[in-house]
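First residue of the sequence shown: 20, per the numbering used here; consecutive thereafter.
Where a beta carbon is used, it is the ideal one built from N, C-alpha and C, also for glycine.
Notes for the one structure printed next.
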Amino acid sequence: MTPQRLAVVKVLANSEEHLSAEKIYERVKPHFPFTSLATIYKTVTLLKKMGEIMELGFVDDSNRYDGIRPYPHPHLICLKCKKIIDPDIPALSELPQEVAQKTGYRIMNHRLDFFGICPSCQKRK
Ligand SMILES: [Zn+2]
Ligand SMILES: [Zn+2]
Numbered sequence: 020m021t022p023q024r025l026a027v028v029k030v031l032a033n034s035e036e037h038l039s040a041e042k043i044y045e046r047v048k049p050h051f052p053f054t055s056l057a058t059i060y061k062t063v064t065l066l067k068k069m070g071e072i073m074e075l076g077f078v079d080d081s082n083r084y085d086g087i088r089p090y091p092h093p094h095l096i097c098l099k100c101k102k103i104i105d106p107d108i109p110a111l112s113e114l115p116q117e118v119a120q121k122t123g124y125r126i127m128n129h130r131l132d133f134f135g136i137c138p139s140c141q142k143r144k
C-alpha cells in the first residue's frame, strides 16, 4: 500500500464523521502537498473495492466514506448539517439476520438510513 493510500485509510479510520472525498483531501493534503482531489477519488474507489472502506452514496450530495465499519450498517443522517453517525442500537444490527430468516433471502448487502435533525441543529434553530 502506498503511503498516500495509507494516509487516506488513517484519516477515515480516525474519524467518526463519514467524510466526503473533498474532506479527506483537505486532511491528507497537508501531509501530501502534491496530491490532487482526482487522486483521492481514485484512492477511495480502490479502497472500496479492497473492502477497506464503505461508501455511502447519495443522489443529491457527494458520497461519504466509513473507514471504521467497512460493512453495511445503519446510519443516522442530519438533514441540516449533513452529519452522519452510526447509531449503536442492537435491534438494528440484528435486523438483516431477521430479514434473512423470515424471507429465506441470503442478504448480500443492505442500506438502512435514518434522516432527521440532530440534537445540536435542533438547538440552533
Ligand atoms: Zn445537524
Ligand atoms: Zn458508518
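Boundaries of the beta strand (DSSP E) around residue 74: 73-75. A residue is called buried once 16 or more other Cβ atoms fall within 10 Å of its Cβ, and residue 80, having fewer, is exposed. For residue 60, the uninterrupted alpha helix (DSSP H) segment begins and ends at 56-69.
Contact between residue 72 and residue 63 holds: their C-beta atoms lie close to 7 Å from each other, under 8 Å.
Under the DSSP definition of a beta bridge, residue 126 lacks any partner. Counting every other CB atom within 10 Å of its CB across the protein chains shown gives residue 132 a total below 16, marking it as exposed.
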